[in-house]
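Asker: Please find one structure pasted underneath; my questions will follow.
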Amino acid sequence: MSWNKHDAVSYARSHAHQKSQGYCARAVAAAIRAGGVMIEGADANNFARSLEKAGFSKSYGTLIEGDIAVIDALPGPNQYGHACIYDGTGTWYSDFVQRSLYPGPQYRKFQPAFTIYRHK
27 MSWNKHDAVS YARSHAHQKS QGYCARAVAA AIRAGGVMIE GADANNFARS
77 LEKAGFSKSY GTLIEGDIAV IDALPGPNQY GHACIYDGTG TWYSDFVQRS
127 LYPGPQYRKF QPAFTIYRHK
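Spelled out as structure tokens, the structure:
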């Protein structure tokens, strides 16, 4: 089955909670699978590696539907980073509906580096 970014985003949108459940990478991986691409692993700390193995590569420039962001961890112990998928119209989804690329106030404050991935 080939990559269907619309199906992936539709899945993310329909399964998103109003608040984080603490499982961003699992939610994004499930959306990717719903879009027809098999991906292993569901840990934000190593999600970039999982994306690359599944046929995603780093992307630069204008965001499009189905792009995945992997955000570096915040400073401090027990931080894992964050993963989310873009809907093409300004909204990011992980396990919840985000109000921006950065999923919460600490991320918005520190604005850690992020990488965008797009399926080939």
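In terms of the working numbering, the numbers along the sequence shown are unbroken and rise by one, the last being 146.
Note that CB positions come from ideal geometry on N, CA and C, so glycine has one too.
With a 10 Å radius around its C-beta and 16 neighbouring C-beta atoms as the bar for buried, classify arginine 144 as buried or exposed.
Answerer: Walking along the sequence shown from the start, residue 144 turns up at place 118. Flag for arginine 144 reads buried.
Asker: With respect to the alpha helix (DSSP H) encompassing phenylalanine 136, which residues constitute its N-terminal and C-terminal limits?
Answerer: Translated into positions along the sequence shown, residue 136 becomes position 110. Element bounds for phenylalanine 136: 131-136.
Asker: Considering only residues of the same chain and omitting the five flanking positions on each side of alanine 34, which have a CB-CB separation below 7 Å?
Answerer: On the sequence shown, position 8 is the one that residue 34 refers to. For alanine 34, where only same-chain residues beyond five positions count, the Cβ hits under 7 Å are Ala57, Ile58, Ala60, Gly61, Gly92, Ile111.
Asker: Shortest alpha-carbon distance to valine 54 belongs to which of Pro129, Gln44, Tyr37?
Answerer: Working through the sequence shown from its first residue, we reach residue 54 at position 28. Among Pro129, Gln44, Tyr37, the Cα nearest to that of valine 54 is on Tyr37.
Asker: Can you list, in chain order, the residues of its chain with a C-beta nearer than 6 Å to that of alanine 70? Leave out the 5 residues immediately preceding and following it.
Answerer: Sequence index remark: in the sequence shown, residue 70 carries index 44 (1-based). So the qualifying residues of the chain are Cys50, Ala51, Tyr106, Gly107, His108, Ala109.
Asker: Nearest by alpha-carbon distance to isoleucine 90: which of Val63, Trp118, His41 is it?
Answerer: As a working note, residue 90 is residue 64 in the sequence shown. The candidate whose alpha carbon is nearest that of isoleucine 90 is Trp118.
Asker: When you compare only the Cα positions, how much space is there between glycine 130 and serine 28?
Answerer: Position 104 of the sequence shown holds residue 130. Position 2 of the sequence shown holds residue 28. About 33 Å.
Asker: What's the C-alpha gap between aspartate 113 and proline 103?
Answerer: In the sequence shown, residue 113 corresponds to position 87, counting from 1. In the sequence shown, residue 103 corresponds to position 77, counting from 1. Rounded to the nearest angstrom, the two C-alpha atoms are 31 Å apart.
Asker: Is the shortest distance between the beta-carbon of alanine 42 and the beta-carbons of chain C less than 9 Å?
Answerer: You won't find chain C in this structure, because it holds only one protein chain.
Asker: So, helix, strand or coil for isoleucine 94, using DSSP?
Answerer: Taking the sequence shown and counting its residues from 1, one reaches residue 94 at position 68. Isoleucine 94: strand per DSSP, three-state reduction.
Asker: For alanine 55, which three-state DSSP category applies?
Answerer: Position 29 of the sequence shown, counted from the start, is the residue given in the question as residue 55. In the structure shown, alanine 55 sits in a helix (DSSP, three-state: H, G or I).
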